[in-house]
Structure formats: structure tokens, C-alpha cells
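Residue numbers (the numbering used here), protein chains in the order written: chain D, 18 to 304; chain G, 992 to 1276; chain B, 2 to 271.
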Amino acid sequence: MSDTIARVPQQIEPNTEQILTRTTPRRRASAGALLRELVVSLWLPVVLFALWWFVSSTSTSPFFPPLSRILEQWWSEFIIGDSVHHVFSSLQNFALGYVLGALIGIIGGTLLWRYRFLRQGTNPIVYFLYVLPAPALLPAMIALFGIGQTRQVALIAFGAVWPTLLNTLDGMRGIDQVKFDTAKAMRLGPTRTLFSLVFRGASPQIAAGLRASLQVALILMVVTEMVAAKEGIGYFILQAQIVFSSVKVWAGIIMLVIIGTLLNYLFVFIEHRVLSWYYRSRALGNS
Amino acid sequence: MSDTTTRKAHDDIRSTTADVPGRAPSPVLSVAGLRKIYNEGKPTAKMAIDDVSFSVNKGEFVCIVGPSGAGKTTLLRCISGLAQASAGDLQFEGKPLTSVPEQLGLVFQDYGRSLYPWFTNAKNIGLPLTARGMPKAERAARISEVLSNVGLGQVEKQYPWQLSGGMQQRVAIARALSYRPDLLLMDEPFASVDAQTRFDLEDLVLRVRRELGITVVLVTHDIDEAIYLADRIVVLSGSPSRVREIVEVPFGHERDQVATRASDEFLQLRRHLLDLVMPHPSSAA
Amino acid sequence: MNALRRRSLDLLWPVLAIVVALGLWQLLTASGFFRPDQFPTMSATMVAFTDEFTSAKGWLSVWATLQGWFLGLLIASVLALVIGSALAFNSFAFRSAASVIELFKAIPAIAILPLVTLVLGSTLDMKVFLVAFGIFWPLIIQVIYGVRSMDPTVLDTAKALGVHGARRFLVVTIPSAAPYVATGLRIASASALILAVVAEMIAGADGIGRQILMAQNGGMTSYPRMYAYILMSGALGLTLTGAFFLIERKAMHWHESQRNITSNEEKPAR
């Protein structure tokens, strides 16, 4: 079949939180149990952090400076210093590119689901672009758009489209036929069916796609800032590497990790609110 | 509401006239020479239904039974408008049936897959009402009314998956009834619940039919259930289906799970139907 | 329409689509809609492609990329399988490690590229480390997920049948986890390719990414070459991901039969 490739389900990439909710039954946890859970999940990172601090404090290696210095540098650069403009530049490009890519992905995925001829016709192209390593296109983007902000947003958007698009398509295809029969039986009409059934039914999978797109957008954001750029966190880190300032490199990495983690948590927070029906119904199913 | 009281009065009149044999009102559903072939024209063509004819009058309760694979569900899909018949004449309230009619309610066997888990019970039930443009306040009133019809209390704000199987099916029935259809089609609606709940739901459907004066066509593989519920039973033969016999069930509207099922007439009908439905090694079915 | 004709027709669509796409490319570039300093013509790109890949030049770059990809994938997979399985069996160990894994997973591997370059230079080692680091964390999560998500009924059956220890691990746990591991490997292989290309592009290690960047720096005349390498990277992605898709489907073929929900794609013939 011509659309066999896209037929293999895009596995909803589980995170540790999902694994935890799956294997530990959900009970009304006592305060003591919650505290215990917190300690168990936090002791290792705390220990590792402390280890890093103490081991590196006496380090003489140029590549692994003391953690205290790194944190100092990070603070002076990004909190009180003006390197924070790099952060804003990065986030701006990220936001524009991600939203654009996500929208195109969802709309494209819906169109591909709805019109079979479209899907069959574009299947090889879509698949090809999906497996193409997006960073390979960066120089091409430079040729097309110059070295301004447009090129960065363009590449981020390009990369962000595919996971969302394919997961949207897959999510819609995975909706039970019985629900469509029900919609017909209730005479819902095409528009209402699309919004009340198709989007809602596919939303868990679309969310998974959006999550994957988030990761891709983040990576591309950094990549675009490391080639022919003038600002951004990626630029900051690369510049630091060029002048052999490993403390700055580390500081930049830490900034990036913070941003990445915050964005992820924000995403998960919003997702769990919007898809609360999904997570709660699964929790019930597993208890 | 004066609306409901006049309706109830109407229903009383309707049900009494329907009880009188020979005074049949116009049929809600009429099926003549229905035929359904899958993959028509291709080498994999399969005739699921050969020739089925029957009609359903207003206020009647008709059950459709038959051996496994007899195409009962296919039949239901054709008469509901979800599937296109290959040949035959289908009429709903005197008009030819080409798509799902507005005054038709449908209840599927698998409530778990039919109810939308992302909507609350209230939103699920209100979905067809929203599609018909009913304003919000009226919708809310209708939802609580129909929920009490099916014997459910305050479950509006909950989600279907928070309820038990039997309650979920009640929600599904409520959803089908919310826009007051003239005909209720049910496809093995109680096959996925346990026996005790099944009896409760059977009585519920009978009560709903009585109170709302609605016509019901129910497909089931359970002979006992068919006899308990129906006024008439359409017995299908094995695939490709034809109507083997239409059996009259003379119990009237007052039925009791224990008394009715233990009566002699019930047992006679049961024997007769089992004979029709069960495969016989001797006869050429 | 018999099966053979149906199959050949199904094959026709994608071929047609590719032909149309290529034709469109040529049309847009040759007609001047896209200037040659923005987008080279398809014909020029095809010429460059043949140039690069009929000689050893192009393939050397491909080989360099593949080396990094393969070694990084190998190291990360072995580590993920071993450590992941070990963690999965001990609930305490797993719950302790969970937050650390999540934290490291949140680091975009690109971010540590400059650091790794500082330490290891623009070498294959740097590439391998980057690839391995980047794909290890999501992969280990997938391994743990696979091992832990064994159906309790399956486990109970194994116990009831007296299957324990190493035998149970081989006969029950590994097959149960296989689909998840296969999916994880597929995703990891795609990420690995991306990381390899990025390492080449930014840190200047040998490979396709470096060729693409150099071609872009070479200006308008070498754009056809740039796109030739881009196409090659796509072809590489196609082959590698395609191979893993096949593996994944093989590992999942029995698993899929558990999905009893009929897709709305399989329309019953009307």
C-alpha cells in the first residue's frame, strides 16, 4: 500500500511521569507517602549535584571548571548582566517558528486525513521531508532567506511541522469507526463532526506530536544560532567556545537546560489541563 | 410543562389503540425486499441479506433475532441509513430512507466506544441537541429530563468512563432519546453488560417505550430477551438472510421479569424460536 | 480490478507524485520565480548529484556520517538496554533515577556540542559522543517502559506455568518489551542522523553536513552541490528510518493484533 509507511503508528513517546502513573496505582496518598515519594525522586539529583560541586571545586582541568564559578558566571551573565537579550532573541524565534510549524502541521494533517487522494499523492514527499535531517536544510535556508530572523523562524517552523503533521494524521485515523457512526446517527454534520469528534478524539496523539515538535524546534533554535547568526543562546555558547572560555560555555548550557526544562514543564502543565479527561480515564483504567 | 402532560395524554391514547388488533396506525418503518451485497461486482462479493421484508407500526416493539452471522447488524445499518442497501424499498414514516432520518435514535452495543470520553455525560447527551440548534437553557432542561427518564440521577457533570457499564448504556440511551425520536433502533444493546444489569435495562426500555410512546426495533441474539421485550419478533435465517418467520408475542405491555418468563406461553414461544434459530443437522438451513 | 493491477496502481501514485514534484521544482527555478542565488534548478542539482556520487568523493562523506551515526547508536543502545533493564527491575532504583534521566533528556544535545568540541576537537570521537549522549536518554526511557509495561496477565501466566528467572527474561520479558525497544530504536536512529549532521555542520567534523555548509559558503555556483548533498541526506534518512520501520513492524506484528479497535480507515464495503 502506498501509505504503508505512514501507517506505522507514531508511538506516543512516554516520559517517566507516564511510566510512574501507569505502574503505581493512584490512591489518595497520605502526606507521609507523598513526602517519601518526593525524597525518592530527589535524592539522586541532589547527591549528584553535590558531588559535582565538590569534585569540581578542586578541578584544574580547563574544560571542567568549578561548579561555583559556573553558577557565578551564569548569574552575572543572564540575571544581572545583559546577555539576557540572547535569551529573548532565542525565545522569540522559537515561539514564532514553533507556533507556525504546529499550525501548519495540524491543518496539513487534517487535510491529509480528510482527502485520501491528497494523502496518496503527497505521501512520498511528506515522508521524505520527515526523514530528512532538518539541520541539513539550514544552509539552504540561508540561501533563500539571507541571514536574518526569517531564516531562523523558517527552519524552526519547517522542522516543527512534521511530527505534528504525522501525529495529527495518525491520531485522526485511529479514531474508532463506531464514533463516526454515532456522529452520523446524531446527524452532526461535517463541521461539528470535525470539531466535536475528530479533533477531540485525535487530541492525545496530536499532543504527543506537538511535544515531539517542541523538542525539534528547540534543537533547531540552537542550531540556527550556531551558524551565521548574531545573537541567541546558541550564538552565545559557540562564541564562548571560540574564545576558549569553558566557564561561559557551561553557563550557556545551564541557561539552555533551564529554558528547555521550563518549556517542557509548561507544555506538560497545559497538556494535562486540556487533556485531563484522557489522563484521568487512563488512570481509572489502570487501577 | 404542559407540553409533557399533553404528550403523555396522547401516548395513553396511542398505546390503547395500538393494543387493539386490526387498528394498525401507519407504519413508522417499512422494509420491502431489502438486499445487501458487500463488494458488489467484485470477485469477493458476499450477499449478506437476500430478501427481508417487514414493517413496524407506531408504538410497537419489534425484535430481530437470527443465528450468528445472519446479518442482523447489517440489517440494522441498512434500516438506520448508515449503510446503503443494494436493492429493495425502505421507507421511514412514509418517506424513502436514504440517509439517517432526523427522527431516528440509535443505540450501539459497545457504549464504551460510542460515547465520547472527552465530553461529560451532559455534553454527550446534549450533542444531538446542539446539532439541532437547541438553545442552552432548553438543552439543560431536556438533558435532566431525559436522564430521569432513564433512571439516572445527578451524573451530568461526570464523564462516561466514571460510570459503571449499565449506567453508561443508560447515558447512551438517554443520548438517543434526547431529541425525542419516533423510532429507536438498538443493536444488541445489552450484550456487554452483566445479567442483573441486563434485566434492569430491559425493564428500562419497556418503561421508556410506555412513557414516551416511542417505537423500538431491537436486534439481539438472546431469544429470551427478544420474547420478553417484543410485541413481534422477526426471525432471520442464516446468511444470506431472509425472513424466516414473524412471531407474535401476545403478552401486552405489562411484563414482569419473573412472572412473564416463567409462564407457559413464554416457554412455548421459546421452544418455537429456538427451533427456528438454532442450526439443525437434519434440515437444510 | 485484480490484486496485481491494484498494487501497480498503488505504486504509480508515489512515482507520479515524485515526478510532479521534480517537474515543479524545475519549473519554478528555470522560469526565474526563484533566482539562482536562492534556489538552484533541479537539472543542475541532478548533474551535481551524479558528479558527486559517481566518484568516491560523495561516498566518503556519506561513510564519515554513517560511522558517527552507527557507533553512537551502538554505544547508546547497548548502554540503554543494559542499564535500562537493570533499572526496570528495581522499583526504587528506577524511581530514583527517573528525575535524573528526565533532566538529562531535557538537554538539547546541540547545547553541549561546543563543550564536547572543546574537549575532543572536531573529530569522529566528538561526533560519536554527541550522538550517543543525545539518543541515550529517550532510549533508556523507552527500554524501561517496555520492560515494565508487561501485561500483568502475561506475567501471572508465566508464573503459573513455572517459568522463572533467566528463562522468563528471555521468553517473556524480551518479547514483551521488543515493540517498545524497536520504536525507541527507530526514533533514536533518526535523532542520531540529525545529530551527526549537526556535529559536522557546526563543529566541522567530516561528513555530509560539512559538505553542505562548505557548498553554501562557496556561493551561488556551488548551490547545486549543496542541494545534491541535502538530497543525499534525505535518501540516507529514508534508508535508515525505513530499515528501522521494517524492524519495528516485525517486532510488533503480533502486538498489533491486540489492537481490536477498528480504524475508521478500514471502511466496510458499502
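Ideal Cβ placement from N, Cα and C applies to all residues, glycine included.
>> Which of the three DSSP states is assigned to residue 1049 of chain G in this structure?
In response: coil
> Closest to residue 136 of chain B by CA distance: which of B:28, B:69 and B:158 is it?
Replying inline: B:69
> Are the CB atoms of residue 1210 of chain G and residue 1064 of chain G nearer to each other than 8 Å?
Replying inline: yes
> Between residue 1053 of chain G and residue 1025 of chain G, is the Cβ-Cβ spacing less than 8 Å?
Replying inline: no
>> Please state whether the Cβ-Cβ distance between residue 254 of chain D and residue 112 of chain B is less than 8 Å.
In response: Cβ atoms of residue 254 of chain D and residue 112 of chain B: closer than 8 Å.
> Among the residues of its own chain, which have a CB less than 7 Å from the CB of residue 1193 of chain G, if the five just before and after it don't count?
Replying inline: 1181, 1216, 1219 and 1220
> Going by the beta-carbon positions, is the gap between residue 74 of chain D and residue 85 of chain D smaller than 8 Å?
Replying inline: yes
>> I need the DSSP call for residue 132 of chain B, collapsed to helix, strand or coil.
In response: In the structure shown, the three-state DSSP call for residue 132 of chain B is helix.
> Is residue 1079 of chain G helix, strand or coil when you go by DSSP?
Replying inline: strand
>> Out of D:263, D:295 and D:279, which one is the CA nearest neighbour of residue 78 of chain D?
In response: Ranked by how close their Cα comes to the Cα of residue 78 of chain D, the residues D:263, D:295 and D:279 have D:263 in first place.
> Can you name, in chain order, every residue of its own chain whose Cβ lies under 7 Å from the Cβ of residue 268 of chain D, other than the five neighbours on each side?
Replying inline: 87, 90, 91 and 94
> Would you report the Cα separation of residue 1278 of chain G and residue 85 of chain B, rounded to the nearest angstrom?
Replying inline: Residue 1278 of chain G falls outside the range modelled here, since chain G spans only 992 to 1276, and no answer is possible.
> residue 59 of chain D CB to nearest chain B CB: under 8 Å?
Replying inline: Answer yes: the Cβ-Cβ gap between residue 59 of chain D and chain B drops below 8 Å somewhere.
>> Does residue 1111 of chain G come out as helix, strand or coil in the three-state DSSP assignment?
In response: DSSP places residue 1111 of chain G in coil when its eight states are reduced to three.
> At which residue ranges does the stretch 57 to 133 of chain B contain complete beta strand (DSSP E) runs of 3 or more residues, listed in the order of the chain?
Replying inline: none
> Among D:72, D:156, D:71 and D:180, which has the Cα closest to the Cα of residue 125 of chain D?
Replying inline: D:180
> Below 8 Å between beta carbons: does that hold for residue 1113 of chain G and residue 1148 of chain G?
Replying inline: yes
>> Just to make sure I have the definition right: I need the residues of chain D whose C-beta is within less than 8 Å of the C-beta of residue 1119 of chain G. Which are they?
In response: 203, 204 and 205
> Using a beta-carbon distance below 8 Å, is residue 156 of chain D in contact with chain B?
Replying inline: yes
>> Our contact map puts residue 52 of chain D next to residue 130 of chain D with C-beta atoms below 8 Å; I'd like the distance itself, whole angstroms only.
In response: For residue 52 of chain D against residue 130 of chain D, the beta-carbon gap comes to about 47 Å, at or over 8 Å, which does not count as contact.
> Would you say residue 151 of chain D faces chain B, with C-beta separation under 8 Å as the test?
Replying inline: yes
> How many angstroms separate the CA atom of residue 40 of chain B from the CA atom of residue 134 of chain D?
Replying inline: 29 Å
> Could you give the distance in angstroms between the alpha-carbon of residue 1103 of chain G and the alpha-carbon of residue 1159 of chain G?
Replying inline: 8 Å
> If you measure from the beta carbon of residue 163 of chain B to each beta carbon in chain D, is any gap under 8 Å?
Replying inline: no
> Hey, how far is the Cα of residue 1121 of chain G from the Cα of residue 150 of chain D?
Replying inline: Here the alpha carbon of residue 1121 of chain G sits roughly 46 Å from the alpha carbon of residue 150 of chain D.
>> Taking only three categories from DSSP, how would you classify residue 1061 of chain G?
In response: Looking at residue 1061 of chain G - three-state DSSP - the assignment turns out to be coil, as it is neither helix nor strand.
>> For residue 1174 of chain G and residue 299 of chain D, what's the separation of their Cα atoms in angstroms?
In response: 35 Å
> Quick one: is residue 7 of chain B buried, meaning 16 or more other Cβ sit within 10 Å of its Cβ, or exposed?
Replying inline: Exposed, because fewer than 16 other Cβ atoms sit within 10 Å of the Cβ of residue 7 of chain B.
> How many Å lie between residue 100 of chain D and residue 75 of chain B at the Cα?
Replying inline: 39 Å
> residue 340 of chain D versus chain G: which residues are under 7 Å apart at the beta carbon?
Replying inline: Lying before the first or after the last residue shown, residue 340 of chain D is absent from chain D, which here runs from 18 to 304.
> What does residue 131 of chain D reach in chain G if we use C-beta pairs closer than 8 Å?
Replying inline: For residue 131 of chain D, there are no neighbours in chain G by C-beta distance under 8 Å, as the nearest C-beta there is about 20 Å away.
>> Tell me whether the stretch 195 to 207 of chain B and the stretch 146 to 160 of chain D touch, counting them as touching only if at least three CB pairs, one residue from each stretch, are closer than 8 Å.
In response: The way I'd put it, the stretch 195 to 207 of chain B does touch the stretch 146 to 160 of chain D; three or more beta-carbon pairs between them come closer than 8 Å.
>> Please identify, using Cβ separations under 7 Å, the residues of the stretch 94 to 115 of chain B that lie next to chain D, in order along the chain.
In response: 96, 97, 98, 99, 100, 101, 102, 103, 104, 107, 108, 109, 111, 112, 113 and 115
>> Across the stretch 236 to 252 of chain D and the stretch 106 to 121 of chain B, are there enough close Cβ pairs to call them in contact, namely three or more that are closer than 8 Å?
In response: yes
> Any heavy atom of the ligand ADP within a distance shorter than 7 Å of the CB on residue 67 of chain D?
Replying inline: As for the ligand ADP, it is missing from this structure, which has no ligand bound.
> So, does the CB of residue 342 of chain D fall closer than 8 Å to a CB anywhere in chain G?
Replying inline: What the structure shows of chain D is the stretch from 18 to 304, and residue 342 of chain D is not part of that stretch, so it cannot be assessed.
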